[in-house]
Amino acid sequence: MRHTSGRRALAPVSGSPLEVLEHRPARVALFMLVALSGAAGLIYEIVWMREFTLVLGASTYAVTIVLAVFMGGLGLGAWLLGKRADRYSARQLLRLYVMLEIGLALYALGFPLLILAGQSIYVWVYQAWQPGLLIANALRFVLASAVLVVPAVLMGGTLPVLTRVLVRAESRVSLTVSWLYGMNTLGAFAGTLSAGYALVPYLGMRRATLAAAAANLLVAAGVWMLCRARSSSTRPEQTAGAVATPSGTEARPGLVEQAVILVLAISGFASMLYEVAWTRTLTLIVGTTTYSFTTMLATFLLGIGLGSLLFPWLRRRTGAVQLLAALQYTAALSALATIPLLERLPLVYLSLQSAASTAWLGTQLVRFSLAAMVMLLPTIALGATFPAVIAVLVGNVDTSGRRFGMAYGLNTLGSVLGAALGGLLFVPLIGLQVTIVLGAILNFVAGSLAAAVSVNQPAWRRLAIAASGTMAMLLALLFLRPWSPWIMSSGVYVYADRYQQVARRAEAALGDQAPRRWELWRMAMEQYKLLYYRHGPTATVAVMERRDGVRFLSIDGKTDASSATTHDMKTQVMLAQLPLLFHPRPDRVFVVGLGSGVTAGSALTHPLGSLECAELSTAVIEASHYFGEFNHRPLNDPRLTLMRRDARNALLTSRQRYDVVISQPSNPWIGGQSSLFSLQWYQLVRDRLNRGGVFSQWLPAYHMSPRDLRILLNTLRRVFPHVTVWTSGAKGDVILLACKDRPLKIDLASFHRKLASAAVREDIARLGLNPHAVPLRCFVMSERELQDFLQQRDARRELNTDDLLLTEFSTPEQLARAEVVKHFTAPASPQRCLQSLLPLLTGLDAGAVDEILAAHAPVSLPAL
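Counting from 25, one number per residue, gives the positions in the sequence shown under this note's numbering.
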């Protein structure tokens with residue numbers, strides 16, 4: 025090992041903060057404070073990522089840019105403060121640490137004002153120049169950097185500062201780092217769970233930020249008390265000693281040091297490839313809720329933290345460089361082992377779900393168990409890598425801060441590149457499975473590099489280690505096979521009950537001759553014809569066809585559209601037809617989401633001037649072509665402008681006004697879509713509607729509890745007082761029509777003129793519905809009835825806001841407990857429905873009323 029100075033660290037001055045930290049209770053207290061600081065950091069990351077998504081958009085580009093800026097700031101802070109930490113005394117460093125924690129808390133308190141200012145700048149620039157993708161991403165990068173770099177640098181500088189304080193002997197450098205890094209990461213694990221399961225769901229983002237700021241201030245106070253503890257046992261003049269003062273100029277890293285630095289960067293790159301690929305794959309199995317993402321991130325952090333804490337035990341058994349090689353080989357092989365495991369996890373999920381209770385906690389434990397099966401062993405190996413590298417790099421405590429900062433910064437740089445290239449390039453181009461293989465290959469290369477420079481091993485042994493690793497890697501790759509797209513797109517997190525029913529029916533019919541449950545489930549999953557399958561940048565999309573010719577679009581395992589006229593087609597068609605039939609003169613229309621393209625195609629059966637459709641997923645756009653015989657091929661219509669952005673960001677940065685806005689994302693519990701059910705979203709829609717405009721909103725009552733349904737209705741009515749409730753006729757589908765500035769009035773003359781168009785008439789008639797009876801057959805509630813319904817059943821008037829999206833977190837719990845609106849289409853009392861509808865109709869004479877009554881009585885309409 026090359027040393028930069030011949031002398032060891034100076035002994036601590038009597039009574040200095042170092043002496044205080046020699047006591048076990050003080051060190052334990054400090055490590056607990058480090059964990060609390062890590063928890064606050066992850067709360068900030070989660071909350072700030074959500075807030076930036078509302079401003080910069082939910083696209084993969086925007087999310088990746090924000091994540092890269094944040095992680096880059098952490099690395100920059102570690103490098104900048106780490107190389108300066110060697111110059112200061114322990115007392116000065118502890119004061120600096122206190123200032124970092126206080127500064128972070130103060131910055132967090134002002135963050136809402138900064139994000140608001142950033143939004144104003146972003147919207148102004150976008151409206152003024154309408155930039156393309158490259159310039160738009162550059163703008164996002166500049167704004168994210170302006171807001172996030174300062175707090176990220178403050179966070180990143182905390183660990184190098186504390187490392188320099190605690191390190192006093194060369195033999196303890198890596199041990200101290202392993203405990204600091206491990207406790208900080210386990211704190212981040214706890215912060216992830218608290219933010220995802222408690223703070224954000226129950227308190228909202230602002231209060232979660234306040235809780236994190238309070239944690240920073242508590243950490244600062246605790247460290248300050250430890251720093252001041254010296255005064256009880258020493259004279260003031262004895263406390264000015266320095267930890268160490270480096271002499272001379274630090275030599276450049278030698279060959280071994282350069283190699284392990286490269287290994288650390290490669291390991292950081294590979295770890296983020298794994299995180300991206302595992303998260304996207306596990307999403308197909310455990311779901312797309314915020315709770316699922318929280319579980320996956322927490323599991324990843326748990327493994328990293330445990331690996332760092334296990335390093336001292338591992339270090340006693342071999343040299344640092346040899347251990348580094350072994351850790352990289354372990355990460356590579358265990359990551360490859362996750363590939364066949366991931367294909368079996370949908371079946372494991374069904375087995376565990378059937379054995380576990382339907383309680384909410386049981387469901388979360390099942391999902392955590394699946395994530396742990398995949399992530400824990402590889403991440404433990406990756407987590408022990410950082411202290412192993414420190415053990416090689418820091419040969420002189422006089423430069424421990426500099427070396428720690430350099431190592432942390434390079435590891436972060438590799439992580440930033442891995443996250444960016446993994447999400448934007450590798451997953452869309454080579455798929456999830458091969459992305460994991462690529463990460464394993466990189467870990468293998470890193471391990472071989474570490475083995476090659478292990479100076480304590482003879483050349484023949486290093487060659488044997490590399491050859492053995494190569495053989496194991498080749499054998500592992502040889503036995504890998506592609507995943508079954510049917511199994512991976514089975515959507516077990518949504519359709520577990522269906523698969524369980526299939527198995528029970530088969531077992532009841534076949535008795536002892538029935539195959540094993542796993543085989544029954546596999547047969548049920550693979551019964552369809554696969555037409556399209558792709559891992560896009562934002563989601564995994566599949567198009568399959570049943571034996572009866574019905575096609576369905578699956579996004580991350582959940583069916584979001586189909587050609588079944590008994591259900592999905594009714595909703596997809598009527599979501600567009602109802603507002604366009606009832607609006608007096610619709611010309612400009614905005615559609616949220618393309619999906620199968622049926623809704624956009626139905627809208628284009630009207631003589632519109634233009635239709636703009638915002639669709640974020642390129643894979644969904646490609647998949648929509650497989651519904652050409654059902655959707656009237658809207659992408660070929662010159663009136664359609666396809667905006668490859670998320671709808672909220674598109675409306676936020678637009679100056680255009682519309683006559684009708686149609687919102688068809690159906691899942692208020694899915695991350696990325698949940699913000700399309702908030703008060704601020706509805707206000708944005710209202711501002712983009714022309715006078716007399718109509719907003720059409722689809723709600724899936726079959727996936728919602730009565731409380732969740734009322735929350736969404738209350739939220740919409742707070743912005744649009746004039747809301748009527750309709751249905752497509754499909755069980756559980758609710759269509760809300762909200763009018764700007766005026767109550768809904770249906771001009772029957774205009775309505776019948778529109779039905780004179782063969783395209784409009786045939787589009788509705790293919791559903792088995794008489795086009796002229798649409799108002800009668802689809803009507804549910806008038807404004808007054810909806811108001812009475814809400815007043816009778818909901819005294820609290822809860823609202824969905826960007827700060828606290830209640831339904832994003834409550835709906836998954838209700839699904840797990842099966843507490844949903846079950847019989848939305850149950851017949852209501854027939855005497856009131858027609859009487860409520862007639863006041864909405866204009867141009868209706870008494871003879872027409874008698875004709876309607878004669879033709880359609882007795883009336884039986886769906887109710888809430």
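Note that beta-carbon positions come from the ideal geometry of N, C-alpha and C, so glycine has one too.
All of these numbers come straight from a predicted model, not from anything done at the bench.
Phe651 and Phe719 have their C-alpha atoms some 25 angstroms from each other. At a Cβ-Cβ threshold of 8 angstroms, Val224 and Val71 count as neighbours.
A buried status is given to Lys594, since no fewer than 16 other beta-carbon atoms sit within 10 Å of its beta-carbon. About 12 angstroms separates the beta carbons of Thr403 and Gly463, which is beyond the 8 angstroms limit, so they are not a contact pair. Apart from sequence neighbours up to five positions away, the residues of its chain that approach Ala443 with a beta-carbon distance below 8 angstroms are Thr88, Leu91, Ala92, Met95, Met296, Glu299 and Val300, ordered along the chain. Comparing alpha carbon positions, the residue from Ala782, Glu786, Leu768 and Ser472 closest to Ser860 is Leu768.
Positions of the alpha helix (DSSP H) runs, each at least 4 residues long and wholly inside the stretch 333 to 366, cannot be given because no such run exists. Contact annotation: Val372 and Leu186 have beta-carbon atoms that are not nearer than 8 angstroms. With contacts defined by Cβ atoms closer than 8 angstroms, Val749 and Leu675 do not form a contacting pair. Ranked by how close their Cα comes to the Cα of Thr677, the residues Thr200, Met73, Leu210 and Ala638 have Ala638 in first place. When beta bridges are read from the DSSP output, Lys764 appears opposite no residue.
CA-CA distance, Phe335 to Leu288, rounds to 15 angstroms. Sorting Gln697, Val747, Ala783 and Lys755 by C-alpha distance to the C-alpha of Asn655 places Ala783 at the top. For His776, the uninterrupted alpha helix (DSSP H) segment begins and ends at Leu772 to Leu779. With a contact defined as Cβ atoms closer than 8 angstroms, Thr84 and Gly447 qualify at about 6 angstroms. Collapsing the DSSP output to three states places Gly717 in a strand.
Assignment of Leu828 by DSSP, reduced to helix, strand and coil, places it in the coil class. In the DSSP assignment, Tyr556 falls within the beta strand (DSSP E) that extends over Lys553 to His559.
Taking 8 angstroms as the cut-off, the Cβ atoms of Ala600 and Asp592 do not count as close.
By the criterion of a C-beta distance shorter than 7 angstroms, Arg801 is surrounded in its chain by Gly753 and Leu793, once the five residues flanking it on both sides are discounted. About 5 angstroms separates the beta carbons of Ala527 and Arg541, which is inside the 8 angstroms limit, making them a contact pair. Residue burial annotation: Asp536 is exposed, with fewer than 16 other C-beta atoms found within 10 angstroms of its C-beta.
In the displayed model, Lys582 falls within a strand according to three-state DSSP. Going by C-alpha positions, Leu406 is about 15 angstroms away from Trp302. Where Glu646 is concerned, there is no enclosing beta strand (DSSP E), although the alpha helix (DSSP H) around it starts and stops at Thr642 to Ala647. Taking every protein chain shown into account, the CB of Gln680 has fewer than 16 other CB atoms within 10 angstroms, so this residue is exposed.
Rounded to whole angstroms, Leu487 and Leu466 show a C-alpha spacing of 19 angstroms. In terms of CA proximity to Ser332, Leu199 leads the group Val52, Asp670, Leu199 and Tyr221.
Closest in alpha carbon position to Lys778, among Arg558, Ala129, Pro603 and Val461, is Pro603. Listed in chain order, the non-local C-beta contacts of Gly438 below 6 angstroms within the same chain comprise Ala289, Gly292 and Phe293, local neighbours out to five positions each way being set aside. Note on Val798: 16 or more other CB atoms within 10 angstroms of its CB, so buried under the neighbour-count rule. Counting along the chain, the unbroken alpha helix (DSSP H) around Val87 starts and ends at Thr84 to Ala109. Short of 6 angstroms from the beta carbon of Val565, and not among the five residues preceding or following it, lie these beta carbons of its own chain, in chain order: Arg558, Ile579, Ala643, Val644 and Ala647.
Collapsing the DSSP output to three states places Glu639 in coil. Residues Ala538 of the same chain have their beta carbon placed closer than 6 angstroms to that of Glu531, with the five preceding and five following residues left out of the count. Short of 6 angstroms from the beta carbon of Ser358, and not among the five residues preceding or following it, lie these beta carbons of its own chain, in chain order: Leu401 and Pro402.
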